[in-house]
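Residue numbers (this note's numbering), protein chains in the order written: chain A, 839 to 1114; chain B, -7 to 355. A quick write-up on the structure given underneath.
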C-alpha cells in the first residue's frame, strides 16, 4: 500500500505538535521515523491510523483515508503502540484473535476463517508453543511477538510500529526487526516504524525521516540523514558516525573526557589493572 | 505492561493443529451446569417456606401451571401460597440477581476497573433519593393503585447516571473512564447528601426509607415481575451481544479504536443498557449490594477473563446466588426477614474469599 502524508498538522491544547508534515512511502517500503523525544513521531503514527484529529491529508493508495470509518481503516492500517496494553490473564491466542476485530460484525464473533488466519499467524511467528499461555507470563520478546501477531492478524497492508524494540535487548530487538522485514517481503507490507536506536533504524529502513519539533528536518537514505551535525543539533547530543565499510552506519554517543576530580579514586579503577 | 503480580503459568498446553483456538468460547457443559445450578436453586427455594407444604403439593401446583392439561387437587390456599407468593418471589430474585451480576460484569469490562459495580455511576444514590422523596411526599402511598416509590427510584437512578455521564468529561472534553468514575462519585455524594437531608426533615418516614435502602423481595408479585422483565430481557440481550466487544475493550480505548471499535460508543451503549436494567430492578428490590461485584469476579476466577464466558455465566450465577440469598433472608429468622443486602454480603464475602485464595488466576 502506498502511503502519502500531506501537510499533516496536529495541535494539542493550542500548541502545535506537528506543523505540516509531508512524507511518502511506496508499497513495500520501510520508512524509519527518527527524532528526539517529543519530536512528534508517535503523534504522526497516531494521525496516520486515525486515532487523533489532524488537519491535512493522509492518502492510502491515492485515496484519502476516511478516519470516521474505523473498521475500514483498521483493515488497511495496523498499529503497534509503544506500550501496548497486555491483559495479563488473556491467552496469546485470544489476543491474536483480537486482530480480527475489523472483519467481525459489531455484535458478531469469530468465523472459522478468522480462526484459520489467527492460527496461520501463530504458526508464522512461532507462537504455537505459547498459544495457550497467558500474556502475563510472557517475556518481553515473546510479548512483542504476540503484539506483532495481533497486528498481522489484521491483514492490513500498512504496518505502523512505535518503538518496536524499545523494551527488548539487542538480540530480541534484532529478531523482531528481522521478522518484520521477512513479513514485509512475504506479504508486500509497507512499514513505518518510529525508532530510537539510530543504528538499527539506518540498518533496517529503506529511508529515514528525521523529525524535530513537529517538522521533517531531513528525509533520505541513512547515509544522507545520519549526519553528525544535524543529529547533534536536534538531539542535543554529541555523536560519532562511523561507516563500517559494508554499507552500515554506526551512531555512537561520545563521552567527553573530564578532568580527574581530586580525592576520587575511581579513575584508577576505571583504567583497569593493566594501566596501574 | 505485564502485571507483575500475575502468577506465572508455565504449563501451557501445546500441540494439536490449532491449539487453544476455541478458548474464548463458552463450552456447552459450563452452560448446562450453570443452568442446572440455577434450576436447583429455584426448586429448593420454592419448596421451602413458613407454610408447611409438602414437596408433592408444591410440585403439583407448579406442574398444573404448565400447559399440559394437568389440574392439581391442591387447595386454593396452598395453591395461592405457591403460585402467588413463592413463585413470583423466586422469579423476581432471579431477575434481580441476574441483572446486578450482568451489569457489574459489564461495568468492570468497559471501565477496566475491578471495583466497578452496577452502582458505580450513581444508580444507588439516585434511586435512594427518588425513593426518599416519594416516601416523604406521600407517606401513605404504598396503598395507592400504583406505588410511586419504585417509579421515583427508577427515575432518580436514571437522572443520576445521565448527570454523571454529561458531567464526566475531563479537561480535554473527552470522557475518560477515570473522569466518568470521579463524576459518579461526586454525583453520588451530592444525591446522598440531599437524600440524607430530606430524610432528616421527615423522621417519621425514616424506617420505611431505611428498609427500602437495605433491599428485599418481600413485596414480590407477578405484577412486579412483569414490570421488570422487559428491561432485563432487552438490556440483557444488548449486553450479551456486546460480549466480544467487552473483550476488545480489555486492550484500552486507543487500541480498541485502532482495531476498528469506537470504544466511547461501546461504553455509552453498555452503560445505558446496564443502567436501565439496574434501575428497573433496584426500583422493585431496593439496594442489594455486593452481587454485582462478587458474582462476576467469582465467575472470572473460575473461567478466565473472556466476557464471552463471564457474561452468560454471571447472569445464571447471579440469579442462582440471589435466589439462595433470599431463601436465607426469609427463613433464618422466620417469620421475620433479614434484609437481603445483609445476607448477600454475609454469605458472599466469605465465599468469595475462599474462591480468591484457591484461585491461580489473577482477578
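We treat Cβ as the ideally placed atom computed from N, Cα and C, and that holds for glycine.
{"Query": "Interface flag, residue 923 of chain A vs chain B, CB-CB below 7 Å", "Result": "yes"}
{"Query": "Neighbouring residues, chain A, relative to residue 251 of chain B (Cβ below 8 Å)", "Result": "912, 936, 937, 939, 940, 992"}
{"Query": "Extent of the continuous alpha helix (DSSP H) run through residue 113 of chain B", "Result": "Here residue 113 of chain B belongs to no alpha helix (DSSP H), and DSSP marks it neither H nor E."}
{"Query": "Cβ shell of residue 899 of chain A (< 7 Å), same chain only, five flanking positions each side left out", "Result": "839, 840"}
{"Query": "Sequence ranges, alpha helix (DSSP H) only - wholly within the region 210 to 237 of chain B, length at least 4", "Result": "214 to 233"}
{"Query": "7 Å Cβ cut-off: residues of chain A touching residue 227 of chain B", "Result": "Within 7 Å Cβ-Cβ: nothing; residue 227 of chain B doesn't reach chain A, min ~14 Å."}
{"Query": "Beta carbon of residue 917 of chain A nearer than 7 Å to that of residue 250 of chain B", "Result": "yes"}
{"Query": "Beta strand (DSSP E) segment containing residue 1090 of chain A, residue limits", "Result": "1087 to 1091"}
{"Query": "Below-7 Å beta-carbon distance, residue 11 of chain B vs any chain A residue", "Result": "With a pLDDT of only 40 at residue 11 of chain B, under 50, the local geometry of the prediction cannot be trusted, and the value read off the model is given with reservation. True, the Cβ-Cβ gap to chain A drops below 7 Å."}
{"Query": "Minimum Cβ-Cβ distance from residue 1118 of chain A to chain B less than 7 Å", "Result": "This structure cannot speak to residue 1118 of chain A, because chain A is shown only from 839 to 1114."}
{"Query": "Every unbroken beta strand (DSSP E) within the region 963 to 989 of chain A, with a cutoff of 3 residues, ordered by chain", "Result": "none"}
{"Query": "Chain A contact residues for residue 297 of chain B, given Cβ-Cβ distances below 8 Å", "Result": "925, 927, 928"}
{"Query": "Secondary structure, alpha helix (DSSP H): runs of 4+ residues fully inside the region 1037 to 1100 of chain A", "Result": "1060 to 1063, 1066 to 1073"}
{"Query": "For residue 98 of chain B and residue 847 of chain A, the rounded distance between their alpha carbons", "Result": "38 Å"}
{"Query": "Contacts of residue 1097 of chain A in chain B (Cβ-Cβ under 7 Å)", "Result": "By Cβ distance, chain B contributes nothing, its closest Cβ being about 43 Å from residue 1097 of chain A, past 7 Å."}
{"Query": "Beta-carbon contacts of residue 42 of chain B that lie in its chain and below 6 Å, excluding the five residues immediately before and after", "Result": "326, 327"}
{"Query": "Touch test, the region 918 to 933 of chain A against the region 996 to 1009 of chain A, Cβ-Cβ under 8 Å, three pairs minimum", "Result": "yes"}
{"Query": "Interface residues of chain A facing residue 244 of chain B [CB-CB closer than 7 Å]", "Result": "923"}
{"Query": "Alpha-carbon to alpha-carbon, residue 324 of chain B and residue 955 of chain A", "Result": "56 Å"}
{"Query": "Local Cβ density within 10 Å of residue -4 of chain B, reported as buried at 16 or more and exposed below that", "Result": "Its pLDDT being 39, under 50, residue -4 of chain B is placed unreliably in this model, and the coordinates cannot settle the point."}
{"Query": "Whole runs of the beta strand (DSSP E) within the region 72 to 157 of chain B, excluding any shorter than 3 residues", "Result": "none"}
{"Query": "Nearest-angstrom Cα separation, counted from residue 853 of chain A out to residue 293 of chain B", "Result": "46 Å"}
{"Query": "Where the beta strand (DSSP E) containing residue 253 of chain B begins and where it ends", "Result": "Here residue 253 of chain B belongs to no beta strand (DSSP E), and DSSP marks it neither H nor E."}
{"Query": "Cutoff 7 Å: residue 945 of chain A Cβ touching any chain B Cβ", "Result": "yes"}
{"Query": "Partners in chain B for residue 909 of chain A, counting only beta-carbon separations shorter than 7 Å", "Result": "252"}
{"Query": "Residue 1073 of chain A at chain B interface by Cβ criterion, 7 Å", "Result": "no"}
{"Query": "Any C-beta of chain B under 7 Å from that of residue 1140 of chain A", "Result": "Residue 1140 of chain A cannot be examined here, being either before or after the span of chain A that is shown, 839 to 1114."}
{"Query": "Beta carbon of residue 309 of chain B nearer than 7 Å to that of residue 291 of chain B", "Result": "yes"}
{"Query": "Interface flag, residue 986 of chain A vs chain B, CB-CB below 7 Å", "Result": "no"}
{"Query": "Within 9 Å of chain A by C-beta, residues of the region 265 to 283 of chain B in sequence order", "Result": "none"}
{"Query": "Residue-level contact to chain B via CB, residue 1036 of chain A, 7 Å cutoff", "Result": "no"}
{"Query": "Any C-beta of chain A under 7 Å from that of residue 236 of chain B", "Result": "yes"}
{"Query": "Residue(s) in a DSSP beta bridge with residue 897 of chain A", "Result": "A:842, A:902"}
{"Query": "Residue environment, residue 905 of chain A, which counts as buried when at least 16 other CB atoms sit within 10 Å", "Result": "buried"}
{"Query": "Contact with chain B by residue 996 of chain A, beta-carbon distance below 7 Å", "Result": "no"}
{"Query": "Separation of residue 74 of chain B from residue 118 of chain B, as counted between CA atoms", "Result": "34 Å"}
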